[in-house]
Amino acid sequence: MNPTLSTRREQYEEDFPLHTHVPTENPSFDLKDGFSDRYVKRDESVDEKLDHILKWIISNRTDFTLDVDFVTLRGHLTKLLTTPYEDKEGWMFAVTKFRGTIYIDKVETEAARRDRDNRTERHSEMMYWGYKFEQYMCADNIESLPDPSGVVNTNEGYYTVVRTQIAEHKLLFSAEVDCRVREPKDPPSCYVELKTSAEIRTPLKRSDKFKLLKWWAQSFMPGVPQVVAGFRDRDGIVVKVETFQTAEMSQLVEGENNCWKPTVCMNFCNDFLTFVKDVVSEDDPSVVYLFSWEPRRDVGFTIHRDSQYGFLPEWYINEITR
Ligand code: A3P
Ligand code: MG
Ligand code: MG
Numbered sequence: 362m363n364p365t366l367s368t369r370r371e372q373y374e375e376d377f378p379l380h381t382h383v384p385t386e387n388p389s390f391d392l393k394d395g396f397s398d399r400y401v402k403r404d405e406s407v408d409e410k411l412d413h414i415l416k417w418i419i420s421n422r423t424d425f426t427l428d429v430d431f432v433t434l435r436g437h438l439t440k441l442l443t444t445p446y447e448d449k450e451g452w453m454f455a456v457t458k459f460r461g462t463i464y465i466d467k468v469e470t471e472a473a474r475r476d477r478d479n480r481t482e483r484h485s486e487m488m489y490w491g492y493k494f495e496q497y498m499c500a501d502n503i504e505s506l507p508d509p510s511g512v513v514n515t516n517e518g519y520y521t522v523v524r525t526q527i528a529e530h531k532l533l534f535s536a537e538v539d540c541r542v543r544e545p546k547d548p549p550s551c552y553v554e555l556k557t558s559a560e561i562r563t564p565l566k567r568s569d570k571f572k573l574l575k576w577w578a579q580s581f582m583p584g585v586p587q588v589v590a591g592f593r594d595r596d597g598i599v600v601k602v603e604t605f606q607t608a609e610m611s612q613l614v615e616g617e618n619n620c621w622k623p624t625v626c627m628n629f630c631n632d633f634l635t636f637v638k639d640v641v642s643e644d645d646p647s648v649v650y651l652f653s654w655e656p657r658r659d660v661g662f663t664i665h666r667d668s669q670y671g672f673l674p675e676w677y678i679n680e681i682t683r
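Each residue of the sequence shown is one higher than the last, beginning at 362 in my numbering.
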């Protein structure tokens, strides 16, 4: 039988190095505006896999060497970081080793596919609200102002590429960034993550704490220092905008029931990457190791040769072997 990896929180308590909110006036942004007539929606059935970061690697090969252990996307790392606290959604990652580098991509689970197919109109509209908030908050450049009369196009996005390390694991990944502030100038300190949320009540509910964990995990990995949240009512009107420092988020849940610890997330992620390195022995893009996990279970894996799971495109393999 293949070895497995436990996701029990107690095993990941060991120390891992770590690091408020400013209320503003009631802005009254109407997030519903434009849903029916000024919305160009990305086709979600298209899975772009790792293609963008692979293209970036090829385009930048002259001034950088691929001396990393893992290449992946930020969203996949967010999923890994939150795993010890996740009790609803499992995941599946396709992993392949090529020329000494391990590539991690996601495979949509049956449950995720069902959720996507059965999304209600209300849910689709609420997804739009998040993007509409971005439009209310962002201007094209320093001189201009936001223009909420324009079209919301979810095909557009800005990505940053990050090289970082978790313990001894060197990682390269891309992350979508919502916007930046004028000062400081340098990335990633200038980056800002925008979020919308139903109003958070104190004391924090279990779901609010989990939401903060997701916000933290998403911003922590690429070093985005702040999250600006638009709190909305049930009718999609933003009633308050508040800034949260990524480094201080875990303190907001400290000492409460269902509190989460960045340390546990980091230690689990570190152990997962070590597990992957141990398991993925064959250096061959036609061999895919599928790692899967369901809440309250251990992480397991299966091995697939020349299967539908292969995800490194031929153009990439050819470029690298050239
Ligand atoms: P909010 O999360 O602010 O509501 P991101 O916050 O990651 O930049 O994503 C922008 C918006 O895309 C989200 O805004 C949400 O509306 C939508 N979105 C992103 N990922 C989603 C997902 N997995 N399911 C549903 N909506 C998603
Ligand atoms: Mg975004
Ligand atoms: Mg956002």
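Ideal placement from N, C-alpha and C gives every residue a C-beta, glycine not left out.
Proximity below 9 Å, CB of residue i to CB of residue j
i: tryptophan 617; j: lysine 572; result: Per the sequence presented here, residue 617 reads as glutamate, with tryptophan not at that position. Cβ distance not < 9 Å, so glutamate 617 and lysine 572 don't count as in contact.
i: valine 522; j: isoleucine 414; result: yes
i: histidine 437; j: isoleucine 465; result: yes
i: valine 602; j: proline 388; result: yes
i: phenylalanine 454; j: leucine 533; result: no
i: arginine 593; j: glutamate 560; result: yes
i: proline 656; j: lysine 449; result: yes
i: leucine 574; j: methionine 610; result: yes
i: arginine 460; j: threonine 682; result: yes
i: leucine 442; j: cysteine 630; result: yes
i: valine 599; j: valine 553; result: no
i: aspartate 394; j: proline 507; result: no
i: serine 535; j: leucine 673; result: no
i: valine 625; j: isoleucine 463; result: no
i: leucine 613; j: alanine 590; result: no
i: arginine 567; j: asparagine 619; result: yes
i: glutamate 486; j: arginine 477; result: no
Residue i at chain C interface by Cβ criterion, 9 Å
i: asparagine 479; result: No chain C appears in this structure, which consists of one protein chain only.
Residue span of the beta strand (DSSP E) that contains residue i, given as start and end
i: serine 535; result: 530–538
i: methionine 453; result: 452–459
i: tyrosine 464; result: 462–467
i: tyrosine 552; result: 552–559
i: leucine 573; result: Unbroken run through leucine 573 is the alpha helix (DSSP H), 567–581; no beta strand (DSSP E).
i: glutamate 472; result: Per the sequence shown, the amino acid found at residue 472 is alanine instead of glutamate. Per DSSP, alanine 472 belongs to no beta strand (DSSP E); it is in the alpha helix (DSSP H), 471–478.
i: glycine 591; result: 587–593
i: glycine 661; result: 661–666
i: tyrosine 497; result: Unbroken run through tyrosine 497 is the alpha helix (DSSP H), 482–498; no beta strand (DSSP E).
i: isoleucine 527; result: 519–527
Buried/exposed call for residue i, threshold 16 Cβ in 10 Å
i: glutamine 669; result: exposed
i: glycine 511; result: exposed
i: proline 364; result: exposed
i: valine 429; result: buried
i: valine 383; result: Unreliable positioning characterises valine 383 in this predicted model, as indicated by a pLDDT of 33, which lies under 50. A coordinate reading is not provided.
i: lysine 467; result: buried
i: lysine 440; result: buried
i: phenylalanine 390; result: buried
i: leucine 392; result: buried
i: histidine 380; result: Note that histidine 380 scores a pLDDT of 20, beneath 50, so its modelled location is shaky and nothing firm can be said.
i: aspartate 376; result: At aspartate 376 the pLDDT is 49, less than 50, meaning the model places this residue with poor confidence; the figure from the coordinates comes in the next sentence. That one is exposed.
i: valine 407; result: exposed
i: alanine 578; result: buried
i: aspartate 645; result: exposed
i: glycine 597; result: buried
i: aspartate 539; result: buried
Continuous alpha helix (DSSP H) stretch holding residue i: start and end
i: phenylalanine 652; result: It is not in any alpha helix (DSSP H) - phenylalanine 652 instead sits in the beta strand (DSSP E) that spans 648–654.
i: valine 637; result: 623–640
i: leucine 438; result: 435–443
i: lysine 601; result: Counting along the chain, lysine 601 falls outside any alpha helix (DSSP H), though it belongs to the beta strand (DSSP E) covering 598–606.
i: glutamine 612; result: 610–614
i: tyrosine 677; result: 675–682
i: aspartate 394; result: Counting along the chain, aspartate 394 falls outside any alpha helix (DSSP H), and DSSP gives it neither H nor E.
i: isoleucine 418; result: 412–420
Proximity test, residue i beta-carbon vs ligand 4 heavy atom, cut-off 8 Å
i: glutamine 496; result: Looking at this structure, you won't find ligand 4 anywhere; what it does contain is ligand 1, ligand 2 and ligand 3.
Of the listed residues the options, nearest to residue i (C-alpha basis)
i: aspartate 724; options: Pro656, Thr443, Thr682, Tyr650; result: What is shown of the chain runs 362 to 683, which leaves residue 724 out entirely.
i: arginine 399; options: Lys493, Arg567, Ser647; result: Lys493
i: serine 558; options: Ser505, Thr604, Phe652, Thr663; result: Thr604
Rounded Cβ spacing between residue i and residue j (contact assumed at less than 8 Å)
i: glutamate 643; j: lysine 410; result: No, glutamate 643 and lysine 410 are not in contact; Cβ-Cβ is about 20 Å, not under 8 Å.
i: valine 456; j: phenylalanine 581; result: So it is not a contact: roughly 22 Å between Cβ atoms.
i: tyrosine 489; j: phenylalanine 425; result: About 37 Å separates the two Cβ atoms, so there is no contact after all.
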